[in-house]
Structures are given as structure tokens and as C-alpha cells.
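Read the structure below first, then the notes.
Number of protein chains: 2
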Amino acid sequence: MDKDKIDKKDHILDVAEKVFSDLGFDGASTRMISGEAGVNMAMLNYYFGSKEGLFLAIFERKISSFQTLLQNIGNDENMSSWDKLAKCIDNYVDRIIVNNCFQKLINREMSMNKRSDLSDKITQILMVNVLEIKKILDEGIKNGSFFKDIDTQLVIASIFGTKNYIINTPNISSLILGHDIRDEKFLEEHLKPRIKIYMKRLLKAYLMNDNDNTK
Amino acid sequence: MDKDKIDKKDHILDVAEKVFSDLGFDGASTRMISGEAGVNMAMLNYYFGSKEGLFLAIFERKISSFQTLLQNIGNDENMSSWDKLAKCIDNYVDRIIVNNCFQKLINREMSMNKRSDLSDKITQILMVNVLEIKKILDEGIKNGSFFKDIDTQLVIASIFGTKNYIINTPNISSLILGHDIRDEKFLEEHLKPRIKIYMKRLLKAYLMNDNDNTK
DNA sequence: TTTAGCTAATCAATCGTTTGATTAATTTTG
DNA sequence: CAAAATTAATCAAACGATTGATTAGCTAAA
Numbered sequence: 679m680d681k682d683k684i685d686k687k688d689h690i691l692d693v694a695e696k697v698f699s700d701l702g703f704d705g706a707s708t709r710m711i712s713g714e715a716g717v718n719m720a721m722l723n724y725y726f727g728s729k730e731g732l733f734l735a736i737f738e739r740k741i742s743s744f745q746t747l748l749q750n751i752g753n754d755e756n757m758s759s760w761d762k763l764a765k766c767i768d769n770y771v772d773r774i775i776v777n778n779c780f781q782k783l784i785n786r787e788m789s790m791n792k793r794s795d796l797s798d799k800i801t802q803i804l805m806v807n808v809l810e811i812k813k814i815l816d817e818g819i820k821n822g823s824f825f826k827d828i829d830t831q832l833v834i835a836s837i838f839g840t841k842n843y844i845i846n847t848p849n850i851s852s853l854i855l856g857h858d859i860r861d862e863k864f865l866e867e868h869l870k871p872r873i874k875i876y877m878k879r880l881l882k883a884y885l886m887n888d889n890d891n892t893k
Numbered sequence: 679m680d681k682d683k684i685d686k687k688d689h690i691l692d693v694a695e696k697v698f699s700d701l702g703f704d705g706a707s708t709r710m711i712s713g714e715a716g717v718n719m720a721m722l723n724y725y726f727g728s729k730e731g732l733f734l735a736i737f738e739r740k741i742s743s744f745q746t747l748l749q750n751i752g753n754d755e756n757m758s759s760w761d762k763l764a765k766c767i768d769n770y771v772d773r774i775i776v777n778n779c780f781q782k783l784i785n786r787e788m789s790m791n792k793r794s795d796l797s798d799k800i801t802q803i804l805m806v807n808v809l810e811i812k813k814i815l816d817e818g819i820k821n822g823s824f825f826k827d828i829d830t831q832l833v834i835a836s837i838f839g840t841k842n843y844i845i846n847t848p849n850i851s852s853l854i855l856g857h858d859i860r861d862e863k864f865l866e867e868h869l870k871p872r873i874k875i876y877m878k879r880l881l882k883a884y885l886m887n888d889n890d891n892t893k
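Residue numbers (the working numbering), protein chains in the order written: chain S, 679 to 893; chain D, 679 to 893.
Pasting the structure below:
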């Protein structure tokens, strides 16, 4: 049946995403992925053509959910610049933490020095979110919400970098936090709201010099 | 000659460091490395025992410079907690930006989910710097220099994460900054001091609620 | 002669991929 | 409708290539 076929492909993609993110593209073997997914090895080539085709398919599947991540927040006329930024952070943390194994995959690919269509494609997608935040920051400076001499570009690096650090170096951040961050429950119930609160306090202090700890 | 041997080993390590950081541990082959270095393949095993031994040797060579990176700052009795932290940031940015290809290597390895002696070793090394900063932050809270309700653990993630983001995603951060960050001159003369200033303002605002822009 | 440095040749293991055969499902034909 | 033909999905087995590692033998210096 057609539906079963799609489900099966989806299942392979789920497994492959996990294995690739754990071991890297070169570190993961097709035998490993097919074995983990419980399908015959040949099915990977049958469905996706090649190992690289499988890798690409993982990205194709996720592109849409990333393109709409932060957009349309900046266009709301009824929100202050700070509220927009706060909402961006909430959205971003919510969205990214659940897709953390895919995020690791992206970041590892981006750190490679090889030029490829995939790298360019990922860059383009990630820049949408970057520019959205930049727009809000610039607007906030213009309307006096934020200090005029803030380093907009490095603020962006801090926003994305803080989250990336936690996700990309699970061994380190688990030691820092005193809890295995691969624990989904801990992540969802504890870490996620904590990161939201922290990021907002950090940014508010820097952008507005107002360390309001009640919010 | 003994000196030639050492030079040769060092040369192999230089080449291997570059190849590993470009292609990852699994993506780089021993033939590739030996070919690039202009030595016989068997020499890698002769000198370093194995591919992993070679990989480890790259780290061994750098360990000393990393272990002494931040230590002894925290023990200075004549410095305020803030000055210690500020000095840590200066040292860290100075040291890390020049070794950025080695840094990418470390971060890529750390984002893998495979348990290995190497991962444990790197974790151990990186934790030295982490704990040094944590010590300073805790001390600062204790003596009243910093707010008592700051999120120490996530501050650490921001310090290391901001820098990692810039180094690990050169394509993105180049677009953000409007300049190729692989340009050594730009990095050294412009970005490095800028990151120092930014990080200190950001942290001061959050930790001390004092956005003193003159420092 | 002895020994450390070095090399070409080769090892078994694993890689991604392909093959031909088999089964299940669907369509066409009589 | 039933039988035959066709297509799609799946499998075990094997492919050639490449992997990291080892071997035995060579070279040059002490």
C-alpha cells in the first residue's frame, strides 16, 4: 500500500537522522542505519539512490518547518521590540530543542570546509532566522527600546551560540548542568523553560540595562 | 637524526590537524594524510601506532597550551571577581581564535555521540576551563560581586557558545558580520578586540547590572 | 654488524552499492 | 470472473573499492 511505503520511508529517515547526528555522515554506515531501522540494506538505495541521497532527503523533509520558524513575528505592529525578541527566543528554543539531533547534524555539516550545494542551502535557510532577529534588533534601536551602541551582530551570535553549545556538546553541558541533557523529560520540563528565562534576562540586561528578575 | 625525526613528526601532525579539521576523523583517511604530508603510509603507524593514536597526538601536542589557558587566574588574591572573569575572557578569545581550525576539530568530535577514550579525554580537558570560570562565578556570587540568582551554568554556555558559533559556522557568521571571518587580518585586528569588548559588556550587564560602556 | 628509519606489498575487514531471485500486489487479458 | 502478465517491494549474497594496519625486507648510519 502507498501509505505504508511513505511510513516506511519516513521511518528510515527518522533512524538515519539519529544515526547521522550521532556518528556523522562518514562515521555512520549504511549497514548500521538499515540494521537500526530493521530494513534490508538494499532498501536505502532503492528508496534514496545512495547514502548521500538519504542524507539529502533528511534535509528536504525538514526545510519547510525551518523556513517558517520565526517569520511573521517581526511584522506584528502591536508588539514592542522587546516583546518581539522575547517571542522569537521562546519560539526558537521550543522549536530547536525538540529537533536537537537534526541541529547537531546541521552544525556539523556547516563546520566542514567543503563547498557544497547542501552547505549553501542550509546557510540560506538559517539566514532567514538570523535576519529576522537582526530586523527586530535594528528596529528596537531605532525606536529607542534598545541601546543604540549594542553590538547587534554579536548578540545574534550569542542567541544562537548559547543554544548550539548546549545541544552540540552534550557531554560537556551534561557535566555543567549536572544532568544528562539527552533525557527528554529533563529537557522539556526543566531545561527548556530555564533557557528561555535565562536568555531573556541576559538580553534584557544587555539591551535595556534592566535586569528585571521577575520576568 | 633525532631532530629530523621530531620535525617530521611535527610536520605530520600539522598536516593531519588540517585534514582532520576539514574532513572530520572518519572522513579523513590515513592515505590522504600521509600523501599530503609526503611520507609513507606506514610511518603514521610507526610513529603514532594507529589513526586514533595520530588523532590523539594532535591533542597531546596542544594540551599544555590549553591546560594553562585560564588556570592561575582564579587564584590571584589581588583581583576582584569581575577582573578575573574579564581576564579569562581576554585570554580565552586571544588563545582560541588563532587555533580555530583545531577548535572546529574539537567541537565536531564533541558533538558525536560515540563513547571513546578520546571524547572522555577532550571532555576532561575542556572541563578544566569550564570549572575555572564556574569557580570565579561562584566566588563572585559569594562575595557579593555578582547577583546571587544568576544562572551560572548557562552563563558558561553563553561564553563558550558565542565564540564557538562564530568559529564553527564561518559561512553564517561571515554573512552576519559582512566580512569573511577566515581573513586572518580582520580576525586579529577587528573581530578579536570586538568580541572581547562585547562579551565583557554582555556579562557585566547580566552579572552586575552595570552596563558601563567605557570598559 | 647492529639498529633505527623507512618502504612497497599485502592483510583482513568493512565500506557503499549492485545483483538476481523471490514474494506480494496490481493490472491486463480472455 | 479467473488466469495470466506486469509491476513493485524485499531479500540474501556478493561486488569491487577502500579502509586501517601489518609484514618482511631494504637502507643508511654508528
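Beta carbons: idealized from backbone N, C-alpha and C, even for Gly.
- The shortest C-alpha to C-alpha distance from residue 787 (chain S) to any of D:720, D:848 and D:685 is the one to D:848.
- Counting only runs of 4 or more residues that sit fully inside the region 743–827 of chain D, the alpha helix (DSSP H) segments are 759–776, 778–788 and 795–820, in chain order.
- Nearest CB-CB separation between residue 688 (chain D) and chain S: not below the 7 Å threshold.
- Closest in C-alpha terms to residue 734 (chain S), from the list S:707, S:831 and S:694, comes S:694.
- Taking 7 Å as the threshold, the shortest C-beta distance from residue 849 (chain D) to chain S falls below it.
- Using a Cβ-Cβ cut-off of 9 Å, residue 701 (chain S) is close to 704, 790, 791 and 792 of chain D, given in chain order.
- Straight through space, the alpha carbons of residue 818 (chain S) and residue 758 (chain S) are spaced by roughly 8 Å.
- Of the other Cβ atoms in all chains shown, fewer than 16 fall within 10 Å of the Cβ of residue 754 (chain D); this residue is therefore exposed.
- For residue 850 (chain D), the enclosing alpha helix (DSSP H) stretches over residues 848–855.
- Within the region 808–832 of chain D, those residues whose Cβ lies closer than 8 Å to any Cβ of chain S are, in chain order, 808, 812, 825, 827, 829, 831 and 832.
- Any Cβ of chain D closer than 7 Å to the Cβ of residue 835 (chain S) would place that residue at the interface, and such an atom is present.
- The beta carbon of residue 713 (chain S) sits closer than 6 Å to none of the beta carbons in its chain outside the five residues before and after it.
- If you draw a straight line from the Cα of residue 783 (chain S) to the Cα of residue 873 (chain S), it comes to about 21 Å.
- Annotated as distal: residue 715 (chain S) and residue 840 (chain D), with beta-carbon spacing of 7 Å or more.
- Three or more pairs of CB atoms, one per stretch, sit closer than 8 Å, so the region 763–782 of chain S contacts the region 692–710 of chain S.
- A Cβ of chain S is located within less than 7 Å of the beta carbon of residue 840 (chain D).
- In this structure, D:845 is the residue among D:845, D:850, D:878 and D:854 with its C-alpha nearest to the C-alpha of residue 862 (chain D).
- For the pair residue 828 (chain D) and residue 881 (chain D), the CB atoms are not nearer than the 7 Å cut-off.
- Following the DSSP letters along the chain, one finds residue 713 (chain S) inside the alpha helix (DSSP H) bounded by residues 708–715.
- The region 797–814 of chain D makes no contact with the region 795–802 of chain S; the number of CB pairs closer than 8 Å stays below 3.
- Not flagged as an interface residue toward chain D: residue 709 (chain S), since no C-beta distance is shorter than 7 Å.
- Within chain D, the residues 883, 884 and 887 have their CB atoms less than 7 Å from the CB of residue 883 (chain S), given in chain order.
- Collapsing the DSSP output to three states places residue 836 (chain D) in a helix.
- When the beta-carbon positions are compared, residue 774 (chain S) and residue 877 (chain S) stay at least 7 Å from each other.
- With respect to residue 796 (chain D), residue 736 (chain D) sits apart: the two C-beta atoms are not nearer than 7 Å.
- In this structure residue 830 (chain D) is in contact with residue 812 (chain D), their Cβ atoms being roughly 6 Å apart against a cut-off of 8 Å.
- Under the Cβ criterion of 7 Å, residue 778 (chain D) is not counted among the residues facing chain S.
- In this structure, residue 825 (chain D) and residue 815 (chain D) do not form a Cβ contact; the two beta carbons are roughly 11 Å apart against a cut-off of 8 Å.
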